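**Student:** The opening residue of the sequence shown carries number 18 in this note's numbering; numbering runs sequentially from there.
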Amino acid sequence: MIIDLEQSEMINSNLQDIMRGVPGIIVTNNGISYAGQSNIRILINGKTTDYMDMDTLLRDMPADNIAKVELVEQPGAEFDATGSGPIINIILKKNVKLGTHGSVSTWVGEDEGFEHGTSASIASYKNKLNWQASTGYSSPTWREDLFINRSIGEENYNQATIEPYNPKTFRISGSIDYYINDKHSIGFGIKNSNTNSDRVANSANIITTASTTDFLYSENSFNRDQKVFNINPYYEFKTEGHKLTADFNYVDYKNDNRNTLASVDGSTIAYTNQRYLQDGNYQIKTFRNDYVRTLSEDFKLSVGAKYSQVNTDSDLQSFSENEDGDFEFNNTASNIFLVDENIFALYSKINITDGKWSFSGGLRFEDSNTKGTSSSDNETRERKISKLFPSAALSRKINKNLAASLAYSYRISRPSYNTLNSFVTYYDPLSSDVGNENLKPSFTNKYQFNLTFDGQPFFAIAYSETKDDMFQFVSQDNETAQIERTTINLSDSKNWNFRLFGPLSFINNVEGYTGIIVNQNKFGSATNNLNLEKWSLIWFTQASYELPWEINAEVSGNYGTGALEGGLDTDWFADLNFSLGKKFLDDKLKVNLALSKILNRGFVGVIDYNGLYAEVESNQSRQNIQLRLSYSFGSKFGKKTSRRNASEDEENRINDNN
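1. Under 8 Å by Cβ, that's how I've got N247 and K208 pegged, so tell me the actual separation to the nearest angstrom.
2. Quick test of your reading: P157 and E132, contact by CB under 8 Å. State the CB separation rounded to the nearest angstrom.
3. Going straight from the alpha carbon of N453 to that of G584, what length do you get?
4. Since V44 and Q54 are thought to touch, with beta carbons under 8 Å apart, how far apart are those beta carbons, to the nearest angstrom?
5. Alpha carbon to alpha carbon, how far is E383 from N359? Give it in angstroms, no decimals.
6. From P432 to I402, what does the alpha carbon distance come to, in whole angstroms?
7. Between N219, T387, W552 and G541, which has its C-alpha nearest I179's C-alpha?
8. In whole angstroms, what is the alpha-carbon distance linking M18 and V86?
9. Measure the Cβ-Cβ separation of R502 and Q489 and say whether it is below 8 Å.
10. Using three-state DSSP, classify D296 as helix, strand or coil.
11. Rounded to the nearest angstrom, what separates R639 and I35 at their Cα positions?
12. Would you mind listing the beta strand (DSSP E) stretches within the region 564-615 that are 3+ residues and don't spill past its ends, in chain order?
13. So, does the region 215-232 touch the region 263-271, judging by three or more C-beta pairs under 8 Å?
14. Let me know the beta strand (DSSP E) ranges lying completely inside the region 334-384, each 3 residues or longer, listed in chain order.
15. Report back the beta-carbon spacing between L115 and Y195 to the nearest angstrom; my notes put them in contact at under 8 Å.
16. Out of curiosity, what's the CA-to-CA distance linking G93 and I57?
17. Have a look at I415, D357 and N435 and flag the residue whose alpha-carbon is nearest the alpha-carbon of R400.
18. Is N467 buried or exposed, if buried means 16 or more other CB atoms sit within 10 Å of its CB?
19. Could you spell out where the beta strand (DSSP E) holding Q473 opens and where it closes?
20. With which residues is Q493 paired in a DSSP beta bridge?
21. At a cut of 8 Å, does the region 620-639 reach the region 586-599 through at least three beta carbon pairs?
22. What's the gap between the Cα of R37 and the Cα of L521?
23. If we ignore side chains and look at the alpha-carbon of each, how far apart do S122 and T135 end up?
24. With D34 as the anchor, note down where its alpha helix (DSSP H) starts and where it stops.
25. Is it right to say H259 is buried, meaning 16 or more other beta carbons lie within 10 angstroms of its own, or is it exposed?
26. Could you check the C-alpha separation between V572 and Y530 for me, to the nearest Å?
27. So who's on the other strand from G191, going by DSSP bridges?
28. Count the C-beta pairs between the region 236-254 and the region 402-412 that are closer than 8 Å, then say yes if the count reaches three, no if not.
29. By Cβ distance, which residues of its chain are closer than 6 Å to D128, with the 5 residues on each side in sequence left out?
30. Taking L554 and N627 to be in contact with their CB atoms under 8 Å, please state how far apart those CB atoms are, rounded to whole angstroms.
31. Leaving out five residues before and five after G130 in sequence, what residues of the same chain have Cβ atoms less than 6 Å from its Cβ?
32. Which residues does DSSP pair with L547 in a beta bridge?
33. Check for me: the beta strand (DSSP E) holding F620 runs from which residue to which?
34. Going by the beta-carbon positions, is the gap between N276 and S238 smaller than 8 Å?
35. Rounded to a whole number of angstroms, what is the C-alpha to C-alpha distance between M487 and N455?
36. In terms of alpha-carbon separation, which member of M71, D97 and I107 lies closest to I83?
Structure below.
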């Protein structure tokens with residue numbers, strides 16, 4: 018499924034806004050999910066984003082340079098075997114016009130305060146040279162709220178955390194393609210971005226008994242600076258029946274964070290203020306070769322190889338405030354964690370068509386070696402995995418419009434790099450995230466049946482079963498009243514989902530789609546006394562309609578009866594967004610006005626397992642309004658064929674929690 022954003026009138030300030038328009042994708046401040054699965058991988062031009070945590074990627078990636086979104090439910094052998102859920106491939110804008118052209122855009126809005134952004138791009142395609150450059154600055158705002166109510170014996174703990182965001186991102190990128198002749202081309206792309214996020218999260222913990230009430234007020238101040246540099250040279254050979262690509266991708270990622278967790282006036286419970294310096298440096302080098310041999314319209318063979326090398330350096334320095342107000346280094350709570358990982362992969366795939374039948378099958382071999390070294394205990398853990406990952410799909414045309422298909426895939430999910438270390442990240446004095454150095458990768462068998470109409474999916478049944486599935490487990494220490502979240506491996510994880518999609522074109526002058534997803538999740542772990550199971554239903558829609566004076570109106574929304582969001586058993590949730598758009602000056606000037614999060618009810622539910630019962634509400638700020646103007650200039654004729662980037666997969670596994 019491909020969503021063409023350049024044809025949409027909806028206003029999108031970041032990747033999170035774009036995800037709201039993808040059929041079946043549910044967006045909350047906890048991330049995104051599809052058909053009851055939150056284990057979604059995001060690629061950019063086919064390349065990994067594992068160096069960033071999902072929430073940060075969704076919030077901080079600007080939408081200006083995104084052309085399309087490709088949803089791949091059953092990835093084939095040409096994709097990395099990593100990830101048990103679907104893949105979302107973000108396709109950036111690529112110059113396909115002859116001559117010189119460009120655009121300038123700006124936007125302003127109101128969410129959790131004033132927000133704004135501006136960007137510009139220019140491109141030229143003349144003779145054998147094609148180049149483009151873009152730059153942009155964005156400063157969005159939003160707020161995230163977390164409320165937890167729990168009891169330990171006779172004590173009740175009522176916690177509220179309010180966290181406003183206003184990150185500032187500057188980016189610049191460029192690319193050059195040189196067509197040596199009609200068969201050979203070379204080129205490279207380069208990107209650099211910097212995001213600074215300063216914010217203060219305020220928390221209140223009210224502890225009550227039958228006769229007493231105590232207060233623990235705190236603030237967590239953050240200063241985070243994230244820098245990403247990426248360069249991607251390539252070579253391509255292409256004839257009528259042959260295509261060979263060689264691709265190198267280099268990513269240098271730095272994330273520096275300083276946060277201070279301190280008690281504030283009004284507290285009746287003493288707390289020693291803490292300061293944390295967390296620096297993360299990641300380098301990813303990926304080499305990839307792909308060859309496609311098209312023997313006929315009915316037979317195609319693909320083979321390829323890939324080698325990736327990842328080096329990470331995470332440094333946590335912990336400090337405690339003394340009686341003089343100075344922060345002293347706490348060696349026992351500090352650590353340096355190093356990860357060195359190498360993955361080598363080979364794959365082959367065939368595509369065959371015979372009359373009404375078509376078959377696609379592939380086999381991928383991956384050999385990985387991961388070493389993690391912790392300075393706190395001077396211990397190195399090593400994990401080696403060598404496995405074959407098959408995938409196949411068989412389809413048949415039933416009539417002119419209708420077709421059916423069966424698909425199978427076997428995949429692996431490797432732990433994110435930061436979850437393997439033992440760092441503790443405190444959100445307030447009583448809640449934290451803890452790493453798990455014993456975390457194992459998980460393996461998933463997935464089966465799917467599809468019915469398509471005119472090539473578009475309208476009905477699907479899918480079943481997946483995962484061994485050692487990774488699960489965010491929340492536990493409570495009854496002695497200290499601390500709650501912590503860590504990632505564990507489950508002994509049992511199964512998912513059934515049924516999906517029905519339909520177009521809205523049968524309604525006069527309306528374009529769009531609607532659909533429902535019926536989903537069942539089952540999670541179990543005998544070791545952690547965990548046994549969760551729930552059915553849920555989600556309805557979603559997106560529709561556009563042309564109003565008088567050539568004003569285009571577009572609306573999108575969803576409603577869910579509830580779900581298992583990890584260990585949180587949620588109540589109903591909903592989202593609603595609306596946009597108006599009009600073009601002026603021979604379609605060169607585009608003006609959009611959008612209202613988003615009109616109805617935005619996040620996750621409200623309970624955690625009820627392993628002796629812990631907590632009422633939880635996780636929500637965002639509501640009612641965002643934005644006005645966006647975009648002006649295009651230059652030539653509007655001619656197109657060239659754009660190259661699909663080849664390198665893929667290690668970046669999503671780095672969490673920076675920006």
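Glycine residues also receive a C-beta, built at the ideal position from the N, C-alpha and C atoms. Since this is a predicted model, take the numbers as computed values, not measurements.
**Tutor:** Looking at the atomic coordinates:
1. 4 Å
2. 5 Å
3. 17 Å
4. Going by Cβ atoms, the distance from V44 to Q54 rounds to 14 Å, so no, they are not a contact pair.
5. 10 Å
6. 13 Å
7. N219
8. 8 Å
9. yes
10. strand
11. 17 Å
12. 568-577, 580-582, 585-587 and 590-601
13. no
14. 344-346 and 352-371
15. The Cβ separation is near 16 Å, so there is no contact.
16. 15 Å
17. D357
18. buried
19. Q473 to K484
20. I500
21. yes
22. 18 Å
23. 6 Å
24. L32 to M36
25. exposed
26. 11 Å
27. A150 and I207
28. no
29. T158, W159, S638 and N641
30. With 8 Å as the limit, L554 and N627 do not qualify as a contact, their Cβ atoms being about 28 Å apart.
31. T158
32. S542
33. F620 to Y626
34. yes
35. 12 Å
36. I107
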